[in-house]
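Asker:
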Amino acid sequence: MDLQLALIFLQQGIASGLVSGSVYALLALAIVVIFKTSDVPNFAQGEVFMAAGYVALYLFVFQQMPIWVVLPATLVVAFLAMALFRRFVLDQVAKSAKDLVYLVIATLGLSYVLKGLVRRTGFGDTPRSFPALVPTDSIMIGQASVTLLDLAIFGTAVVVMAAFFWMFNYTKIGRAMRAVGMNPKAAQLVGVDLRRCHMLIWGLSGVISAIAALLISPKILMTADMGSIVMLAFAAAIVGGFSSLPGAVVGGFVIGIVENLVGLFISSRAIVLAPFLAILIVLVLRPQGLFGGKLTIKKV
Amino acid sequence: MSSSPLASAPEGRPGLPGAALGGLALAALLAVALPFFTTGYVVYIANLLLVFVVLCLGLHIVIGETGQFSMAHAAFYGIGIYASALANRAVDLPYPFAMLFGALVAGAVGLFIGALALRMRDIYLALATFAFGEAMQWVFANWDSVTNGPNGLRIAPARFGPLEILSDKQAYPFVLFFCLLAIGFTVVVSRSRLGRAFRAVRESEVAAMAMGIDVRRTRVIGFGLSAAVAGFAGGMFGLFQTFIHPDSLGFQTTILVLTMVVVGGLGSIWGAIGGAIVFGLISEVLRQAPQYQEIIYGAILMLFMMYAPHGLFAFVGERIREARHGR
């Protein structure tokens, strides 16, 4: 491959990687914020993302509702589903078993239920895309071709992430969330309502996943299995150290770019394998992730 | 609901009450007599259930005994299936040699993964083994020259000297024998010094270390043994199956086995065996209603975690005890 072509590929890979990476970054953020506060990796995150996409599709395409109703309605549904799951399922699990493993298995259960429900409706039988709300005319940036839709995806994702960081770091409720993550008992002692705080965190995580679904679903064919995209988000979260919010975002972009470059330079068959290899390599060489601090062993 | 009595972890080997022994004897009689009064299809299901019993024993060793979370058991199972099928085709020896080879290859890979896993715990280990499982499925589907890739691999009939196994009914006694062998093996390991070391490491690595247990070695051996048993289950699969496709070796299978172990009760051998049989039968019934299968799977997982995290048998035993005390 001559240098000229390689340079074009490189630019295209980075541009496309930033677009898909912004979706992975959102999902990784949704996973990490839950892990930080509940110590639970939510294996249902991909299915929440998928189901939210189908809620939007159902309301917009099948019910012909106006888009200004569809978007908030989807976010509300995602918020409620996750908050209620936390409140009624996980709180009960935590009550009857001490070990975190049981919470993790419960999230696996949720992922199966959501996938089964969506399949049951039959909307997933014919793969379709959500209609694009932004024109898909392509423009050139450097030597890379991107569409207006791509720019909208990237822009929205960055705005959502910035808003979330602001909320998490500078508001009272964000402070309460961080306190719960550091020490739930102490947080409770200073007046944080643990149950409400957890519900809010899980709900917000659902909202972020729903936004990711709304952003990407015009670009992909939706199926009940589209939640498997969450593997890339897990890879991103691991690259970022799994408990660092900025790490998750950077990890998302890294994974997005690596994925696109692997597809352009190596083979499209290897794309599927790339995230798993990334997870294995990072965990083996640097278990605390690229952005995690020193590995500390928690011992009770 | 009173939840505190359930919160204590079940012991590694609970004593069997009289009623359970009677049930066991009945089950044994049923197991031996099965091929004489049922159809080939029922025997096929029985074979499959016995393979899942062994897979559950494998997962039990790593999760239940050593307390390490592995999500790669479909991969070890697959390695066992492919390795024993290929060995069976390559050399003209009785099939148990091929099974042994499958178990050894899976065990060796398990030792390797277990050594890598020493650096991780809990969630990181779960994710790493999950990634390994997915990567292995990719290998099964893409290593065309060895596994025949996405077309699947034909498994040659198992041979025991002059006897060639061609039907499920023929295979059944062998499958039953190897299953009992695996159960015996797991019980022996669990009651040995090594098994006690496993549980000591599970409860507290620091305390285990203070008792003079080599924690790292114990964890790696636990992983290797568990993978070897899963690989052995793969060899058993080759006794009665003629075909393997990489699609059936994915995360779905890992979750199925995990569900079985959880339904039976994490941490108990009899729970793992009972869970495999009970949930195996449930999922066979669910096959009649495929559109609800996933929903019911998921609901069972969630409900068990909510109300009976220590498994069906601990839950039922608890209810019986409550009833006896006149509540």
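Those sequence lines, one after another, are chains A and B.
Note that numbering that gives the first Met the number 0 has the first sequence beginning at 0, numbered continuously upward.
Note that numbering that gives the first Met the number 0 has the second sequence beginning at 0, numbered continuously upward.
C-beta atoms are modelled at their ideal positions from N, C-alpha and C, and glycine is treated no differently.
Source: prediction; values computed, not measured.
Could you tell me the alpha carbon to alpha carbon distance between A14 of chain A and F75 of chain B, rounded to whole angstroms?
Answerer: Position 15 of the first sequence, counted from the first residue, corresponds to residue 14 of chain A. Position 76 of the second sequence, counted from the first residue, corresponds to residue 75 of chain B. Using only the alpha carbons, I get a separation of about 39 Å.
Asker: Could you tell me whether any Cβ in chain B is nearer than 9 Å to the Cβ of Q62 of chain A?
Answerer: Against the first sequence, residue 62 of chain A aligns to sequence position 63. Cβ-Cβ to chain B under 9 Å: no for Q62 of chain A.
Asker: In terms of residues, what are the limits of the alpha helix (DSSP H) holding S208 of chain A?
Answerer: In the first sequence, the residue the question calls residue 208 of chain A occupies position 209. Residues 193-215.
Asker: Quick check: what's the CA-CA separation for L5 of chain B versus F61 of chain A?
Answerer: In the second sequence, counting from the first residue as 1, residue 5 of chain B sits at position 6. In the first sequence, counting from the first residue as 1, residue 61 of chain A sits at position 62. Low local confidence applies: a pLDDT of 34 at L5 of chain B is under 50, so the model's placement there is unreliable, with the coordinate-based value given in what follows. Roughly 47 Å between the two C-alpha positions.
Asker: Counting Cβ pairs closer than 8 Å, one from the region 16-33 of chain B and one from the region 140-157 of chain B, do we hit at least three?
Answerer: Contact between the region 16-33 of chain B and the region 140-157 of chain B is absent, because fewer than three Cβ pairs lie under 8 Å.
Asker: What residue from B:A114, B:A127, B:V186 has the CA that sits closest to V53 of chain B's CA?
Answerer: Indexing the second sequence from 1 puts residue 53 of chain B at position 54. The shortest C-alpha separation from V53 of chain B is found at B:V186.
Asker: Count the other CB atoms, across all protein chains shown, that sit within 10 Å of the CB of N150 of chain B; report buried if there are 16 or more and exposed otherwise.
Answerer: As a position in the second sequence, residue 150 of chain B is number 151, starting the count at 1. Exposed is the call here.
Asker: Using CA coordinates, which residue listed in B:Q290, B:R323, B:S267, B:A313 is at the minimum distance from T65 of chain B?
Answerer: Looking up residue 65 of chain B in the second sequence gives position 66. For T65 of chain B, the nearest C-alpha among the options comes from B:S267.
Asker: For M235 of chain B, which three-state DSSP category applies?
Answerer: Sequence index remark: in the second sequence, residue 235 of chain B carries index 236 (1-based). In the structure shown, M235 of chain B sits in a helix (DSSP, three-state: H, G or I).
Asker: Note down, in chain order, all residues in the region 138-153 of chain B with a beta-carbon under 8 Å from any beta-carbon belonging to chain A.
Answerer: Residues N141.
Asker: By the DSSP assignment, the beta strand (DSSP E) with L36 of chain A in it spans what residues?
Answerer: The residue labelled residue 36 of chain A in the question sits at position 37 within the first sequence. In the sequence as presented, Leu is not what sits at residue 36 of chain A; that position holds Thr. From DSSP, T36 of chain A is part of no beta strand (DSSP E) but of the alpha helix (DSSP H) over 2-37.
Asker: Name the chain B residues whose beta carbon is nearer than 7 Å to that of G205 of chain A?
Answerer: Taking the first sequence and counting its residues from 1, the one referred to as residue 205 of chain A is at position 206. Result: empty, since nearest Cβ-Cβ is about 17 Å, beyond 7 Å.
Asker: Could you tell me whether the region 221-232 of chain B touches the region 102-120 of chain B, using the rule of 3 or more Cβ pairs below 8 Å?
Answerer: The answer is yes - the region 102-120 of chain B touches the region 221-232 of chain B, with three or more Cβ pairs under 8 Å.
Asker: Identify, in the order they occur along the chain, each residue of the same chain with its Cβ nearer than 6 Å to the Cβ of I265 of chain A, setting aside the five sequence neighbours on each side.
Answerer: Counted from its first residue, the first sequence places residue 265 of chain A at position 266. Same-chain partners within the cutoff: there are none.
Asker: For L5 of chain B, which of helix, strand or coil comes out of DSSP?
Answerer: Numbered from its first residue, the second sequence carries residue 5 of chain B at position 6. Reliability fails at L5 of chain B, whose pLDDT of 34 lies under 50, so the model's placement of it is uncertain and the value that follows must be treated cautiously. Correct three-state label for L5 of chain B: helix.
Asker: Taking the straight line between their C-alpha atoms, what separation do you get for L311 of chain A and I62 of chain B?
Answerer: The structure shown has nothing for residue 311 of chain A, since chain A only spans 0 to 299.
Asker: If you count every other CB in all the chains shown that lies within 10 Å of the CB of E283 of chain B, and 16 or more means buried, which is it?
Answerer: Along the second sequence, read from residue 1 onward, the residue named residue 283 of chain B stands at position 284. Under this definition E283 of chain B is an exposed residue.
Asker: V299 of chain A to V42 of chain B, Cα distance in whole Å?
Answerer: In the first sequence, residue 299 of chain A corresponds to position 300, counting from 1. In the second sequence, residue 42 of chain B corresponds to position 43, counting from 1. Residue placement at V299 of chain A cannot be trusted, given a pLDDT of 38 that sits under 50; the coordinates are not used to answer.
Asker: Taking beta-carbon pairs under 9 Å, can you tell me which members of the region 211-227 of chain B lie near chain A?
Answerer: Those residues of the region 211-227 of chain B that come within reach of chain A (Cβ to Cβ, closer than 9 Å) do not exist; the list is empty.
Asker: Could you list which residues in chain B have their beta carbon closer than 7 Å to that of Q91 of chain A, in chain order?
Answerer: As a position in the first sequence, residue 91 of chain A is number 92, starting the count at 1. In chain order: M305.
Asker: Pull out every residue of the region 275-309 of chain B whose Cβ sits closer than 9 Å to any Cβ of chain A, in chain order.
Answerer: Going along the region 275-309 of chain B in chain order, one finds Q290, Y291, Q292, E293, I294, I295, Y296, G297, A298, I299, L300, M301, L302, F303, M304, M305, Y306, A307, P308, H309 with a Cβ nearer than 9 Å to chain A.
Asker: Identify every residue that forms a DSSP beta bridge with T146 of chain A.
Answerer: Stepping through the first sequence from its first residue, residue 146 of chain A is reached at position 147. Its beta-bridge partners are A:S137.
Asker: Please tell me whether F131 of chain B has its Cβ less than 9 Å away from any Cβ of chain A.
Answerer: Indexing the second sequence from 1 puts residue 131 of chain B at position 132. Chain A contact via Cβ: present.
Asker: Here's the rule I'm using: 16 or more other beta-carbon atoms within 10 Å means buried, otherwise exposed. How should S1 of chain B be labelled?
Answerer: Your numbering for residue 1 of chain B matches position 2 in the second sequence. Any reading at S1 of chain B needs caution, since the residue's pLDDT is 34, under 50, leaving its predicted position unreliable; the model's value is listed next. It is exposed - the Cβ of S1 of chain B has fewer than 16 other Cβ atoms within 10 Å.
Asker: Can you list the residues of chain B that P217 of chain A reaches, using a CB-CB cut of under 8 Å?
Answerer: Here residue 217 of chain A corresponds to residue number 218 of the first sequence, with the count starting at 1. Under the 8 Å cutoff, chain B gives no residues; its nearest Cβ is about 27 Å from P217 of chain A.
Asker: Give me the Cβ distance between A77 of chain A and A51 of chain A, rounded to the nearest whole Å; I'm assuming they're in contact under 8 Å.
Answerer: Looking up residue 77 of chain A in the first sequence gives position 78. Looking up residue 51 of chain A in the first sequence gives position 52. Confirmed, about 5 Å.
Asker: Going by CA-CA distance only, name the one from A:A223, A:G251, A:Y57 that's closest to F114 of chain A.
Answerer: Counted from its first residue, the first sequence places residue 114 of chain A at position 115. A quick correction: the sequence has Lys, not Phe, at residue 114 of chain A. The shortest C-alpha separation from K114 of chain A is found at A:A223.
Asker: By Cβ distance, which residues of its chain are closer than 6 Å to A82 of chain A, with the 5 residues on each side in sequence left out?
Answerer: The residue labelled residue 82 of chain A in the question sits at position 83 within the first sequence. These residues qualify, in order along the chain: M198, W201, G202.
Asker: Does DSSP put R12 of chain B in a helix, a strand or coil?
Answerer: If you number the second sequence from 1, residue 12 of chain B lands on position 13. In this prediction, R12 of chain B has a pLDDT of 44, which is less than 50 and means its spatial position is unreliable; nothing more can be read from the coordinates.
Asker: Our contact map puts L115 of chain B next to G223 of chain B with C-beta atoms below 8 Å; I'd like the distance itself, whole angstroms only.
Answerer: Within the second sequence, the letter at position 116 stands for residue 115 of chain B. Within the second sequence, the letter at position 224 stands for residue 223 of chain B. Actually they are not in contact, since the Cβ atoms of L115 of chain B and G223 of chain B sit about 12 Å apart, beyond 8 Å.
Asker: Nearest to G274 of chain B by CA position, among B:L175, B:G234, B:V50, is which residue?
Answerer: For the purposes of this step, residue 274 of chain B is taken as residue 275 along the second sequence, with counting starting at 1. The candidate whose alpha carbon is nearest that of G274 of chain B is B:V50.
Asker: Measuring CB to CB, does V39 of chain A end up less than 9 Å from L79 of chain A?
Answerer: By one-based count along the first sequence, residue 39 of chain A stands at place 40. By one-based count along the first sequence, residue 79 of chain A stands at place 80. No, Cβ-Cβ distance for V39 of chain A and L79 of chain A is not below 9 Å.
Asker: Hey, is P245 of chain B's beta-carbon within less than 9 Å of any beta-carbon in chain A?
Answerer: Counted from its first residue, the second sequence places residue 245 of chain B at position 246. Not one chain A Cβ lies under 9 Å of P245 of chain B.
Asker: Measuring CB atoms only, is the region 129-149 of chain A touching the region 1-14 of chain A, in the sense that at least three cross pairs come out at less than 8 Å?
Answerer: With a cut-off of 8 Å, the region 1-14 of chain A and the region 129-149 of chain A count as touching, because enough Cβ pairs lie within range.
Asker: Using the rule of at least 16 other Cβ atoms within 10 Å of the residue's Cβ for burial, across every protein chain shown, is W269 of chain B buried or exposed?
Answerer: Walking along the second sequence from the start, residue 269 of chain B turns up at place 270. Classification for W269 of chain B: buried.
Asker: Can you pull the chain A residues whose beta carbon is under 7 Å from the beta carbon of I254 of chain B, in chain order?
Answerer: To locate residue 254 of chain B, count along the second sequence from 1; it is residue 255. Those within 7 Å of I254 of chain B in chain A are L107.
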